[in-house]
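Heads up: the structure comes next, in structure tokens.
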Amino acid sequence: MHGSRVPRAAWLQLGAAILLFGLAWPAIKLGLTEATPLWFAVARIGLCCATSFVVLALIGRLAWPRRADWPVILSVGFFQIACFFPLANLGVAVVPAGRSGVLAYTMTLWMVPLALFAGERVGWRGVVGALLGLAGVAVIVDPLHFDWSNRIVLFGHACLLLAALCWAIAILQARRHVWHLTPLQVLPWQMAIATALVAIVAAIFEPDGYVRFDRPVIQATLFLLGILGAIATWAAVSVARALPPVTSSLAMLGVPLMAIAASALLLGEPVTSPLAIGSALVIAGIAIVILDRSRD
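Counted from 1, the sequence shown has number 1011 at position 38 by my numbering; the numbering is strictly sequential.
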């Protein structure tokens, strides 16, 4: 009886993770109407940090990291949080939320050239998947109709792709690390370090930046991104432990689809042909890379 309950719980957690991670993109877009990108990142990471400490304490999993875990805490905290969150915000500020969610989710595609650079074996299917995903990115950008003279929009797209690259670097580092604590247990410490780093960057590059905490939009958005974001992270980690890696990885491809759907419903963003076709190519490419990597 107990064994039959675990899969049901895992599928519910998977659905929650996809829903909450997908909703994050229109939530960021809404939040940026009342905040500047870098300071909004500080507020979001700080709230996620506090929430993750509370959640882990409540479930009895809060622990001080061992010395061997600090290198991955510092490196992953830097690339996956301190770099990804601000870059994602800078991108969403000028790029539609649905498109942003797809472009930022291309981190799996970046794993192919990074793995080759690190001397790892990559099958021909992985290369084909990466190229297919790259073609999808090109379709989404729609180069024939893209305003190449608009440096702000160019910067936004570059930030999203760079955010995906940083996330891929973090994944590669985490995969090579010999864990003493679980990835969930080191999350609050990574968040704490990232909060401090991003606050310093925001103070330097956005000296007049702001977050209007008294506005309902900000309050609701930070609740979604902070408290529910931490819960979504916990759910995703639980799913990864309960379901086969390929199953959970492929299922999480629902996140960019949810981002597109949520942005269309909540923000009224149009689902254009380039976005639909390009997203399908990106997701197909990611799926091929995941399947190829699972053979290792």
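Using N, Cα and C, we set each Cβ at its ideal position, and we do this for glycine too.
DSSP state of residue i mapped onto helix, strand, coil
| i | result |
| --- | --- |
| Val-1184 | strand |
| Ala-1008 | strand |
| His-1153 | coil |
| Gly-1050 | helix |
| Ile-1191 | helix |
| Asn-1062 | helix |
| His-975 | Note that His-975 has pLDDT 42, beneath the 50 cutoff, so the model's placement of it is unreliable and no number is given. |
| Met-1225 | coil |
| Thr-1206 | helix |
| Asp-1042 | helix |
| Leu-992 | helix |
| Leu-1117 | coil |
| Val-1068 | coil |
| Ala-1175 | helix |
| Ser-1073 | helix |
| Gly-1241 | coil |
| Arg-1148 | helix |
| Arg-1266 | helix |
| Leu-1035 | coil |
| Thr-1079 | coil |
| Leu-985 | helix |
| Leu-1197 | helix |
| Leu-1170 | helix |
| Leu-1254 | helix |
| Pro-1217 | coil |
Close Cβ partners of residue i (< 8 Å) along its chain, the five nearest in sequence each way excluded
| i | result |
| --- | --- |
| Cys-1132 | Leu-1060, Ala-1061, Leu-1063 and Gly-1064 |
| Arg-1188 | Glu-1007 |
| Leu-1154 | Ala-1036, Pro-1038, Arg-1039 and Asp-1042 |
| Ser-977 | Only weak support exists for where Ser-977 lies, its pLDDT of 43 falling under 50; the value from the coordinates is given anyway. Cβ neighbours of Ser-977 beyond the five flanking positions: none. |
| Gln-1192 | Phe-1186 |
| Leu-1107 | Leu-1082 and Gly-1258 |
Beta-carbon proximity list for residue i, same chain, < 7 Å, skipping 5 on both sides
| i | result |
| --- | --- |
| Val-1101 | Ile-1261 |
| Ile-1054 | Ile-1018, Gln-1163, Met-1164 and Ala-1167 |
| Trp-1207 | Val-1028 and Leu-1157 |
| Val-1049 | Ala-1143, Gln-1146, Ala-1147 and Gln-1163 |
| Trp-1012 | Ala-1175, Glu-1179, Gly-1182, Tyr-1183 and Val-1184 |
| Phe-1119 | none |
| Leu-985 | none |
| Pro-1247 | Val-1112, Ile-1113 and Asp-1115 |
Any non-hydrogen atom of the ligand MG closer than 7 Å to residue i Cβ
| i | result |
| --- | --- |
| Leu-1029 | Because no ligand of any kind appears in the structure shown, any question about the ligand MG cannot be addressed here. |
8 Å Cβ cutoff met for residue i and residue j
| i | j | result |
| --- | --- | --- |
| Gly-1199 | Leu-1105 | no |
| Gly-1129 | Val-1068 | yes |
| Met-1080 | Ala-1141 | yes |
| Ile-1256 | Pro-1217 | no |
| Ala-1203 | Cys-1021 | yes |
| Ala-1016 | Leu-1195 | yes |
| Gly-1109 | Gly-1251 | yes |
| Ala-1000 | Phe-1058 | no |
| Ala-1205 | Leu-1003 | no |
| Leu-1082 | Ala-1066 | no |
| Ala-1209 | Ala-990 | yes |
| Val-1045 | His-1150 | yes |
| Ala-1136 | Ala-1088 | no |
| Trp-998 | Ser-1073 | yes |
is_contact[residue i, chain D] using C-beta, thresh 8 Å
| i | result |
| --- | --- |
| Ser-1222 | Absence of chain D from the displayed structure is noted, only one protein chain being present. |
Close Cβ partners of residue i (< 6 Å) along its chain, the five nearest in sequence each way excluded
| i | result |
| --- | --- |
| Gly-1096 | Asp-1265 |
| Leu-987 | Val-1212 and Ala-1224 |
| Leu-1160 | Ser-1025 |
| His-975 | With a pLDDT of 42 at His-975, under the threshold of 50, the modelled position of that residue is not reliable, and no figure is offered here. |
| Leu-996 | Ala-1235 |
Are the region 1224-1241 and the region 1018-1027 touching by the rule of at least three beta carbon pairs closer than 8 Å?
no
Should the region 1167-1176 be regarded as contacting the region 1112-1120, the criterion being three or more beta carbon pairs within less than 8 Å?
no
Are at least three pairs of beta-carbons, each pair with one atom in the region 1035-1050 and one in the region 1222-1234, less than 8 Å apart?
no
Unbroken stretches of the alpha helix (DSSP H), 4 residues or longer, contained in the region 1088-1140
1097-1114
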